[in-house]
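Sequential numbering from 642 applies to the sequence shown in the numbering used here. We treat Cβ as the ideally placed atom computed from N, Cα and C, and that holds for glycine.
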Amino acid sequence: ISTYYLGGLLSGGGSCPDPNVPWNWARMYNEFQKQAVEKTRLGIPILYGIDAVHGHNNVYGAVIFPHNVGMGATWNPELVEECARITAIEVRATGIRWTFSPCIDVARDDRWGRTYESFSEDPYLVKTMAISAVRGYQGAGLNRNDTVLATAKHYMGSGGTENGRDQGDCKAPLRIVREQHLEPFAGAVEAGVGSIMASYCSINGQKMHGSKFFLTDVLRRELGFQGLLVSDWEAIGQVDSSYREAVKKSIEAGIDMAMVPQSWRQFQVVLKDLVNRGEIPISRIDEAVYRILVTKFRMGLFENPYVDESLASIVGNAKHREVARQAVRESIVLLKNNGILPIPKNVSTIYVAGPNANDIGKQCGGWTITWQGSSGNITIGTTILEAIKRTVSPQTRIIFDEDASEISGPYDVGIVVVGETPYAEFYGDRENLDLPEEQLKIIDRVVASGTPTVVIMVAGRPLTGIESRLSQWSAFLMAWLPGTEGQGVADVLFGDYNPSGKLPRSWPRSTAQEPINYDRRPSEAYDPLFEFGYGLSYTTFEYINLTVSPISPKVEDTITIQVSVKNTGSRSGSEVVQVYISDVESSLPTPVKKLYRFQKVMLEPGETRNIVFTIPVSELGLYTEGPERIVEKGVFLVTIGGLTASFTVN
């Protein structure tokens, strides 16, 4: 720092001080910052970044929230904002002021190893959560002691690569790229995101890090982004086989800050030579430096470069864990229930099995303590088994046998927790999404004992190979990667919380159906095991009185959609009201239906509520190849909860 004037540092996954505890992070940060502030000529503070993607997840003892796919399943933007706000508080308490989050890729193929980092397959749901996350991280101002600089990543197309290959090629017409992958970044920019990270991927063969069209023309001029554009980890070197050309192309394309943790010295030498020879104009360097300095000034780094190390005690506190517990509750999707749930707390015997039942590392997934994450007792938290034990009556006997090899049943209830082992990025790319056979056999053994069986999946994406056995299961829940607060799972199992999660992804019957997305074109098949937006409750809801006005709007008008929702069951519960619109007479192949609005509402038994949505007609426009949406005349169909209504744009 003091010799080569580095502008920033980062801690990648697993790049931690020893011991890996909050106060030591704060001490380390202050020592690094001291080198920049007190031992360089200009005293410009460094910008320290970290992948705090589901809590301050590199730090032992920090609260770990569900990964984004689980947060998407909550369909609760306010909760996403609150979790981001708490993450910002914990990150700032260790001195760090820059998080490489939120990930707002639109994951269109479950085979992709970063699917769990994406909120959804749907651009609108991702955009909505992106706005909330940015607001949560950045709060009322970057110069406060409880906010951090957010980074919207990975701009763009990472979730749409061919066969779900990480760092692959997104092959799609420009209008589809805009429709599916640009929209969330437009939302992040509208929310004031301070930094954006470029993607490793290519779009139609062109590496994003070397694309002036996407990084400057679209991002800067079209979306109006004025913040800091940072490269991904050593991604600049992928732009060209010649490192010199790679640096030249990426800087010319618009990269402001180079993340080069392995080749930083080579990068400095090459870039300086390119400027001295006039191959890169000094004006481009000035532009990048200006953006970096403005960001540092906005963050208050010059006035307050250090952190009070005593603040680290706030990390992982009980209040923060309670919010994470609520996030777990709301993220769980109940996919099947023959009446066995909720389980009475005074049931006599519960048989628990499965490799993910008592493993905090598997609950948290990748990007936890280390880059790839790992199984085992990697941080402080509550496993699902521990949560079950804390919840039931003292008289209830719980038997835990991970592989169910000793089962002698039948028992009153069996709970089998299966799923994935931790992974991150390309290490998670899969050609086969089937749940491993050995885990299916664990479930089979419990079922064969005559025990009514509840299956819980802990995974970063829907897993296949379960359809033929599903009829044998009494209940099936998707818990995603819930993080440290396993008590939230038990809250749903035993009825302390009524499940309200809805699938943010279509659940395929087999890997052969990939990519499978609900907003398909008319020529594409859609026959999932569970549809996008599906999720059961312990109560029931009825939709009535769907209306749209005006029924003949003009392009400049706003339509108002109203529908009434009634809780027809005996328990209070939350329902996600989802508004889908179909362009019936489009001149281009358009989605069969698209999500345009949603709202999560809590209803008491017998309560009816009228829900109102407003949508500018301009939002219904089609992208062609340019940045403008074109609204076509014709019939549009609105679908909410099985009800339909139409209107005609004139």
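- At a cut-off of 3 residues, the continuous stretches assigned as beta strand (DSSP E) that sit fully inside the stretch 762 to 819 are 792 to 796.
- P658 is not a Cβ neighbour of I745, given a cutoff of 7 Å.
- Secondary structure note for I892: its alpha helix (DSSP H) is the uninterrupted segment 884 to 894.
- Nearest neighbour of K1143 by Cα position, chosen from A667, Y701, D1044, F760, turns out to be F760.
- A distance below 6 Å between beta-carbons, with the five flanking residues on each side excluded, links G1069 to the following residues of its chain, in chain order: G754.
- Proximity of the stretch 1051 to 1061 to the stretch 1089 to 1106 meets the contact definition, three or more beta-carbon pairs being nearer than 8 Å.
- A contact between stretches requires three or more CB pairs, one per stretch, nearer than 8 Å, and the stretch 1264 to 1271 fails this requirement with the stretch 1281 to 1289.
- If you draw a 10 Å sphere on the C-beta of G649, you find 16 or more other C-beta atoms in it, and that means buried.
- Ranked by Cα distance from P902, the options N1158, S1227, T1255, L651 are led by L651.
- By the neighbour-count criterion, in which 16 or more other beta carbons inside 10 Å mark a residue as buried, P922 falls on the exposed side.
- Assignment of S843 by DSSP, reduced to helix, strand and coil, places it in the strand class.
- Residue range 1094 to 1099 is occupied by the beta strand (DSSP E) that includes M1098.
- Assignment of A1153 by DSSP, reduced to helix, strand and coil, places it in the helix class.
- Residue state for D692 is assigned as coil, using DSSP reduced to three classes.
- The continuous stretches of alpha helix (DSSP H) do not include A876, and DSSP gives it neither H nor E.
- Collapsing the DSSP output to three states places C724 in a helix.
- Straight through space, the alpha carbons of F1182 and N1251 are spaced by roughly 13 Å.
- For V747, same chain residues with a beta-carbon under 6 Å away, outside a window of 5 residues either side, are P764, V767, G800, Q821, H822 in chain order.
- Note on geometry: alpha-carbon atoms of N987 and G736 lie some 47 Å from one another.
- In this model, P1257 and S773 are separated by some 21 Å (Cα to Cα).
- Between V1220 and V1276, the CB-CB gap reaches or exceeds 7 Å.
- Residue burial annotation: V1253 is exposed, with fewer than 16 other C-beta atoms found within 10 angstroms of its C-beta.
- Contact between the stretch 836 to 856 and the stretch 809 to 820 is present: 3 or more CB-CB pairs across the two stretches fall below 8 Å.
- Per DSSP, R932 is not a residue of any beta strand (DSSP E); the alpha helix (DSSP H) it occupies stretches across 923 to 939.
- For the 7 Å CB-CB criterion, V721 and M770 form a contact.
- In the structure shown, M1119 adopts extended strand secondary structure according to DSSP, grouped into three states.
- For D1224, the beta-bridge partners assigned by DSSP are F1277.
- Q1203: member of the beta strand (DSSP E) spanning 1199 to 1208, first to last residue.
- DSSP places Y1237 in the strand class (E or B) of the three-state scheme.
- Per DSSP, Y1052 is not a residue of any beta strand (DSSP E), being assigned neither H nor E.
- Closest in C-alpha terms to G865, from the list W1008, I955, A829, D897, comes A829.
- Going by DSSP, R1038 is part of the beta strand (DSSP E) stretching over 1038 to 1041.
- Contact check for G851 and S891: beta-carbon distance about 6 Å, within the 8 Å limit, so the pair qualifies.
- Rounded to the nearest whole angstrom, the C-alpha separation of S1223 and R785 is 44 Å.
- Between T740 and A667, the C-beta gap is not smaller than 7 Å, which leaves the two residues out of contact.
- For T1249, the three-state secondary structure derived from DSSP is strand.
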